[in-house]
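Residue numbers (the working numbering), protein chains in the order written: chain A, 1 to 353; chain B, 1001 to 1353; chain C, 2001 to 2353; chain D, 3001 to 3353.
C-beta: ideal position from N, C-alpha, C; glycine also.
If you're wondering where the values come from, they're calculated on a predicted model, not measured in any experiment.
Working notes, beginning with the structure itself.
Number of protein chains: 4
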Amino acid sequence: MTDVKGDRSKAPHQQDDPDLYVHVTRRTEEGVWIRGAKAHQTGCLNSHWMIVMPTLRLGPEDRDFAIVGAVPADAPGITYVYGRQSCDTRHLEGSRLDADNARFSGQEAMVIFEDVFIPNHLIFMDGETDYAAMLVERFTCYHRRSYVCKSGVGDVLIGAAAAVAEANGVDKASHVKDKLVEMTHLNETIYSTGIASSYQAKPMKSGVYLNDDMIANVCKHHVTKMPYEIGRLAQDLAGGLMVTMPSERDLDSDEIGDLLRKYLKGRSDIPTETRMRLLRLIENMTLGRNAVGYLTESMHGAGSPQAQRIQIGRQMELDYKKQLARRLAGVGGEEPVPAEGGYFERVFETEEG
Amino acid sequence: MTDVKGDRSKAPHQQDDPDLYVHVTRRTEEGVWIRGAKAHQTGCLNSHWMIVMPTLRLGPEDRDFAIVGAVPADAPGITYVYGRQSCDTRHLEGSRLDADNARFSGQEAMVIFEDVFIPNHLIFMDGETDYAAMLVERFTCYHRRSYVCKSGVGDVLIGAAAAVAEANGVDKASHVKDKLVEMTHLNETIYSTGIASSYQAKPMKSGVYLNDDMIANVCKHHVTKMPYEIGRLAQDLAGGLMVTMPSERDLDSDEIGDLLRKYLKGRSDIPTETRMRLLRLIENMTLGRNAVGYLTESMHGAGSPQAQRIQIGRQMELDYKKQLARRLAGVGGEEPVPAEGGYFERVFETEEG
Amino acid sequence: MTDVKGDRSKAPHQQDDPDLYVHVTRRTEEGVWIRGAKAHQTGCLNSHWMIVMPTLRLGPEDRDFAIVGAVPADAPGITYVYGRQSCDTRHLEGSRLDADNARFSGQEAMVIFEDVFIPNHLIFMDGETDYAAMLVERFTCYHRRSYVCKSGVGDVLIGAAAAVAEANGVDKASHVKDKLVEMTHLNETIYSTGIASSYQAKPMKSGVYLNDDMIANVCKHHVTKMPYEIGRLAQDLAGGLMVTMPSERDLDSDEIGDLLRKYLKGRSDIPTETRMRLLRLIENMTLGRNAVGYLTESMHGAGSPQAQRIQIGRQMELDYKKQLARRLAGVGGEEPVPAEGGYFERVFETEEG
Amino acid sequence: MTDVKGDRSKAPHQQDDPDLYVHVTRRTEEGVWIRGAKAHQTGCLNSHWMIVMPTLRLGPEDRDFAIVGAVPADAPGITYVYGRQSCDTRHLEGSRLDADNARFSGQEAMVIFEDVFIPNHLIFMDGETDYAAMLVERFTCYHRRSYVCKSGVGDVLIGAAAAVAEANGVDKASHVKDKLVEMTHLNETIYSTGIASSYQAKPMKSGVYLNDDMIANVCKHHVTKMPYEIGRLAQDLAGGLMVTMPSERDLDSDEIGDLLRKYLKGRSDIPTETRMRLLRLIENMTLGRNAVGYLTESMHGAGSPQAQRIQIGRQMELDYKKQLARRLAGVGGEEPVPAEGGYFERVFETEEG
């Protein structure tokens, strides 16, 4: 979905280089040819098919940019460029410790389309600019809610911080316990706003359910902030050693390995290497490869913070709320405020709703 | 439920005056006699019956304090003392404007029991100190979730702030719009955490459903902060006139009424009195009678902030989360972390859950 | 200074009623006659003289509004209208307890000028619209720094919260101590930004010193938020009794006075009335008369929050900071960034500075 | 100063391995021999001399740990172990772009002392455990104030964020401007609390000036939070490309270099490489090598957050503030509160102060 966008103060058709948004360059009897590039494609390298779609509201002059279609991941004309991530080369060092989280990591790639063909039967939209905004909004409604996944990542970070505090011998301190409570409070806020959006899903005409858009935006907007605060608190509990700790090669060295095992020991019944591995995990999640997913992608994935604020603003039913206030303030008459706009239907199973 | 509590560093039986927690003073064949006082009883003056119950975890020596029973609201020996509220006497001034919110307000009373009788058939607990903590926790689980109601009050305040901004002629300014979005974002967080707790309810052995306790505490904990921030933003949008505005008697005065109508005018198509009424409503909700309910009661009702933090701390499954972290950090073996404690059942309909 | 402003989306000369900004209505050989109204005049009722001045940047068409002059407080044509404050009438009840803070309070009045005369020798500006903005900025530079005074009020509230925690028997709890630390941290931030602005004062051409404008705005901007958080924490430590406590007349009553003294007791060595007085003081400072000064006036006095953000934005030297970033990023050449704009002079006594 | 500390729940003499705090192992006529290790030594590799000193309050049984002395950086028995930093090996790639900030970086090392000799004339403390706490407090008073330096780093990050926003074509958007204002507001808070602490310095008996300890702690405590928020906002303004951008080798590649220059273009008059360099600078400061100094070291250097809270708590003069509150609440007599403890001397040049 995400075009590279060029100069963001200009619409697609206004760009100096029209290729900065994916668009149709040629039409034949059999289909269309597209050109452009999509950025930040998480997991595209593991996929068999890709579906291209517009990334923003389009105007009548953006007609060629209103293209939705499916292409095989290995279609001629596609180039993938793998992105760098913080600390990515630690995985090439043959590391068993420094590259933690040792088991999992993610990647993003940029996908460049140089005259890629989409046959007619795989085209789902072509030129219907009026529907681009609705398409984007429905997609982001689902996608923003899906950021509830970060609460699972947060649980790991809470666990890592608690385990390091234990290894440091400070897990009984009241301020340590309180910070773990704060991290949990924030993390459960992500979790519960995410699931609330799903529980409030309503069927569309097609019968497909669409989750609550307001709450999906509230959830994602918290995700642009709370993981950063959870990460900050994890660094607080980890201690400075997380960023000054010698490398695993030093630990493995005949000359100084024993010295490090001696001096980097925390609580005497917990192996030094366990403590170091936990610190590397927190480094990985707050500065390293997984910080890309846990922090920066939490910020920008499924729309940057301002995109959620715009969407919350669109749905905040100010006119209805102003009527509520006016009535309580004794402005105007006694008649009840008509419950237009779904305000009550959202909360109660009323006769109207 | 809420005893007056005396010296909070001491258990009920340790108080210099045992009456500071409601307790049984005498037992007969027919029932028990109780003495003590309950504070902050919202709505008790509108009730027909009251149920008294313990307010905290009790130990074996607190046996006489483990009493639950029903009493008619007009039972002999009961004294009600009505509490003061900020700006309460404005309602006695014959006000039509200064006392806004003109339609609704609440009250709290202190209830003093001087040897009040409870017959055997209305006693539901007597001396079972072991169950006092569970009783309190279940009650607060329901009660903390019920604070979702503050999101309705928040909607009114958002509406009032928007209406005043309009009357001031600044509703198109980007920072004004952004503050309304922020208020909505916070308010919807209260709403969605509240309903999420209900949606995640599970049946107990009795068949009665109990809502999710972790999320109920997360919801209530936000309620101890977010209404204050929403209130602060409402005061920001209202402008300083909210606290320097002349009284309604000045407005009604022959001598200066017209001057006030002239000089307190905002946008010329909105009557001065409308603007004044909206400002009085915000004053009422952030400093006056309804601030008691929207702010201070949001802080302390159903348990003060620290009570939620304790409850979140109890349920945060640190051992399980530490295992998750250790496994990703490569500490210990390869075997999966056993999903004890309901971690996965809470999220997924798994075979175990 | 603060005109009543009418419709804020319009300049003075665009208002439907020109009187909504103080302006010259007539000029004679001896002086000028003015008309209009100033809002929120703290302490004007204690003053011998008033100086009127414009409240915002003026354009060429606002010429009649560019008037600065001195008038005696009792000049013919002036009307004062005293503002209402939350809980103001408690002072009329003959209270000894409910109206606390018993010793001090403030007031604001609206000042209406109906053709008030200013003789030539007391006119300091008349029509020089170009200088209105500079006049406002210099005034607010001093005035915003002066909000450091709220840190003194904050100290009282910290003391009141600590004293109530003591009376409640919870002053040894770690979370209580931590909240007092947080209140102090915030309050000292106000104090230290305030004094830093003064210490960084520089002489103007006249020899008069002007304090640092950036820091004055940073100080005042914190004052629009931190007192609200300090007040919230004070309410947390006070407990709900602050808003449900019976009135002083109940305490004085023969019938129930003793009951209240018995049941509102906290720690047994502290008189009930002491506890009640402290609670009333916190009520007074967070909901009552002094909340007007400590909260809402902290928000709007010397300019509402957005006014500080505009002023911070004007002075943030983005061009210089962009150059710093470009150089470290290796964009452009090796030559040092020229220290224009006073960046270094502000920090170091350099040769240029 | 910072010992490796082992199990933090135990005093130095209680550790299973006494070497976890630097201590005297042997005394001779000529001097003492020490053993132990100091962690997180910023810049030690650039130094000629090191001064070892205790890291915390010591008790009578910690006598051997109360050692202060100077040692040459190349004294026999010292081992330095260089710490890893996020993205450190990018500097070994022969990078011209990915390793930005290209000009500067820092390092920390662990210093291990295996029986290092200190001659008598270089010993400044030996066994005076009573003075260890005062020594630590004075050192941290200076050191915490010195964290004002992070406001200079913050200025660079503000500049980088502004420059990227410009390259993205969004620098005119109101929310972008507002985020730059917020970053500046936070950054100037660090700056002004830092300089306020210095301006309030008082001479000690020796004639040496000691800066204000309360404000130094307030400054450092903000430094444990505000850079994280400034960093978060910088990532917001940077956009997701910061973490998904291809490597400089891809940019240099014959095959796809031109494609990247085409598709990673922002505003058409700004070279793609300029935009990429700025993004790498922000990555470097929020996730990479300089994030170590700007974030994690801001957290833990000169004491972790809780250390500042303890120090603020010690100096918050609660007894004096409680007296202020009691007097305003009408508790006790009319006599003025005696200004003990330096409360007024700190603010005013009074006769007593």
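- Listed by position along chain C, the residues whose Cβ is nearer than 7 Å to that of A/Ser174 are Ser2174.
- For B/Asp1258, the enclosing alpha helix (DSSP H) has its first and last residue at Gly1257 to Tyr1263.
- The C-alpha of B/Lys1265 is placed about 16 Å away from the C-alpha of C/His2013.
- A straight line joining the alpha-carbon of D/Glu3255 with that of D/Pro3246 spans about 14 Å.
- Close partners of A/Asp64 in chain B (Cβ separation under 8 Å) are lacking, with about 32 Å as the shortest Cβ gap.
- Nearest Cα to C/Arg2103 within the set D/Glu3345, D/Glu3317 and D/Leu3328: D/Leu3328.
- Each of D/Thr3028, D/Gly3031, D/Ile3078 and D/Glu3061 was checked against the Cα of D/Lys3038, and the nearest Cα belongs to D/Ile3078.
- Relative to the Cα of C/Ala2234, the nearest Cα in the group C/Val2181, C/Lys2205, C/Pro2203 and C/Glu2248 belongs to C/Val2181.
- A/His40: member of the beta strand (DSSP E) spanning Gly31 to Thr42, first to last residue.
- Put simply, of B/Arg1084, B/Asp1088, B/Val1052 and B/Arg1027 the residue whose alpha carbon is nearest the alpha carbon of B/Val1071 is B/Val1052.
- At least one C-beta of chain D is nearer than 8 Å to the C-beta of C/His2185.
- Residue environment: A/Asp16 is assigned as exposed (fewer than 16 neighbouring CB atoms within 10 Å of its CB, all protein chains considered).
- At a beta-carbon threshold of 7 Å, the residues of chain B lying near C/Ile2112 are Leu1259 and Tyr1263, ordered along the chain.
- In chain order, Glu1248, Leu1251, Glu1273, Met1276, Arg1277 and Arg1280 place their CB closer than 8 Å to the CB of B/Leu1097, counting only its own chain and leaving out the 5 sequence neighbours on each side.
- Counting along the chain, A/Ala70 sits inside the beta strand (DSSP E) bounded by residues Ile67 to Pro72.
- Here the C-alpha atom of B/Glu1166 lies approximately 8 Å from the C-alpha atom of B/Arg1267.
- For D/Tyr3147, there is no enclosing alpha helix (DSSP H), as DSSP gives it neither H nor E.
- The Cβ neighbour count for C/Phe2065, taken over all protein chains shown within 10 Å, is at least 16; the residue is labelled buried.
- Between B/Pro1119 and B/Gly1239, the gap from beta carbon to beta carbon reaches 8 Å or more.
- Classified as buried, D/Glu3317 has 16 or more neighbouring CB atoms from the shown chains inside 10 Å of its CB.
- Taking 8 Å as the cut-off, the Cβ atoms of D/Ile3123 and D/Gly3069 count as close.
- At least one beta carbon of chain A lies nearer than 8 Å to the beta carbon of D/Ser3304.
- Judged by beta-carbon spacing, A/Lys322 lies within the 8 Å limit of B/Ala1163, meaning their Cβ atoms are closer than that value.
- For A/Cys87, the closest Cβ of chain D is nearer than 8 Å.
- Unbroken alpha helix (DSSP H) runs of no fewer than 4 residues, entirely contained in the region 1104-1175 of chain B, are found at 1132-1145 and 1150-1168, following chain order.
- Exposed is the label assigned to D/Tyr3209, since fewer than 16 other Cβ atoms lie within 10 Å of its Cβ.
- By the criterion of at least three beta-carbon pairs nearer than 8 Å, the region 85-92 of chain A is not in contact with the region 43-50 of chain A.
- Collapsing the DSSP output to three states places C/Lys2005 in coil.
- Contact holds between the region 1187-1198 of chain B and the region 1141-1151 of chain B, because three or more Cβ pairs, one in each stretch, are under 8 Å apart.
- DSSP, read as helix, strand or coil, puts D/Lys3321 in helix.
- For A/Glu283, the closest Cβ of chain D is nearer than 8 Å.
- Under a 10 Å Cβ-count criterion, C/Ser2298 is classified as buried, with 16 or more other Cβ atoms of the shown protein chains found around its own Cβ.
- In the DSSP secondary-structure assignment, A/Pro203 is bridged to A/Tyr209.
- When the beta-carbon positions are compared, B/Arg1035 and B/Thr1028 stay at least 8 Å from each other.
- At least 8 Å separates the CB of D/Ala3196 from every CB of chain A.
- In terms of Cβ geometry, A/Arg144 and A/Ala216 form a close pair [threshold 8 Å].
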